[in-house]
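Report on the structure given below.
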Amino acid sequence: MSSFLLTLVRHGTPDAKRRIPKAIGNKDNSLSRKGYCQADLLGQKLKCEKFTHIYCSDITKAKETAVVIANHNRSCSSLPIHEDPRLEELRLLDEKEGVENINNSLLNKLETLEDIRHRAEDFFLEICDVMLHRTEQAQSYDAEDDHCESSSRNSCDVDVIDSASSKDPANVLVVSHKGLIREMLRYFCSELGCQLPRRSGRRVNWDSSYTGMSVFRITVERTDDLLNNIHVESLLLNDNSHLSKRSNDSGKLGESPLATP
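Using my numbering, read the sequence shown as starting at 171 and increasing by one per residue.
Structural data, given as structure tokens:
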């Protein structure tokens, strides 16, 4: 069995001045100054979290948000940020652009809610598989260590001896978009029985604000090479308390962390 923490974060406010005639989710604009400020505040809040894996959408505003968060965190200094197109926003037509500017190849890429739900589910199940493999590998290392102690330490593989990092509790950070996160939450509830807190005792707040954060504890098992007994526990839902410190555009912000020198 594997247990890990999953933190879902929506990207910061994008730069609305840069409008590209694409589907809404694929509008590849950078963060605005406000967006950098939001990501910076969240990064400060998460600076002590010991993340073991970082994933983000391949859209610039999501990548920039992930980098800002990682730059605040010592545990992330050597972690790669994995870009995954499955984490993109729902590909819908932007009505403000008009269909006359949209070519046929783009129209063929537009999606339904079922499509984005499938992307969210596929990504999540792959993460579960990766975390299970990590746990199994750590258990294998433990067995090797026991063998080393009972024989000669010098005869053991260096990678086995220096595998302590794989024993750290798995903690996954995912930076994505409102629609993708919403459909992943719906998948957690409808398919995996997760109970989400209801806002004001009435309804679930499905939509995350910019840099809103949701945290879950996931447990999963494997039987005959198949994932089963997946349990999702909600620890925090669409929290944006970090924005209460400073949410205006006047903060002194640096250039994009993704910019090339």
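Where a beta carbon is used, it is the ideal one built from N, C-alpha and C, also for glycine.
These numbers come from a predicted model, not from an experiment.
Counting every other CB atom within 10 Å of its CB across the protein chains shown gives residue 411 a total below 16, marking it as exposed. Residue 210: member of the alpha helix (DSSP H) spanning 203-215, first to last residue. Beyond the five residues adjoining it in sequence on each side, residue 184 comes within less than 8 Å, by CB distance, of 197, 199, 200, 201, 202, 205, 231 in the same chain, given in chain order.
DSSP, reduced to helix, strand and coil, places residue 261 outside both helices and strands of the structure shown, so it counts as coil. Between residue 242 and residue 217, the C-beta gap is smaller than 8 Å, which places the two residues in contact. Counting the other Cβ atoms within 10 Å of the Cβ of residue 177 gives 16 or more, which makes it buried. In its chain, beyond the 5 residues on either side, 180, 408, 410 have a beta carbon closer than 6 Å to the beta carbon of residue 382.
Of the residues assessed, residue 257 falls on the buried side of the cut-off, its CB having 16 or more other CB atoms within 10 angstroms. Of the candidates 304, 377, 340, 339, the residue whose Cα lies closest to the Cα of residue 353 is 377.
When the five nearest sequence neighbours on each side are left out, the beta carbons in the same chain lying within less than 6 Å of the beta carbon of residue 246 are those of 221, 240, in order along the chain. Of 172, 394, 219, 209, the smallest CA-CA separation from residue 346 is found for 209.
Residues 177, 405, 406 of the same chain have their beta carbon placed closer than 6 Å to that of residue 385, with the five preceding and five following residues left out of the count. The stretch 345-419 contains, as complete alpha helix (DSSP H) runs of 4+ residues, the segments 348-362 (chain order). Between the alpha carbons of residue 226 and residue 207 lies a gap of roughly 19 Å. Excluding its 5 nearest sequence neighbours in each direction, residue 298 has C-beta neighbours in its own chain below 8 Å: 172, 388, 390, 397, 400, listed in chain order.
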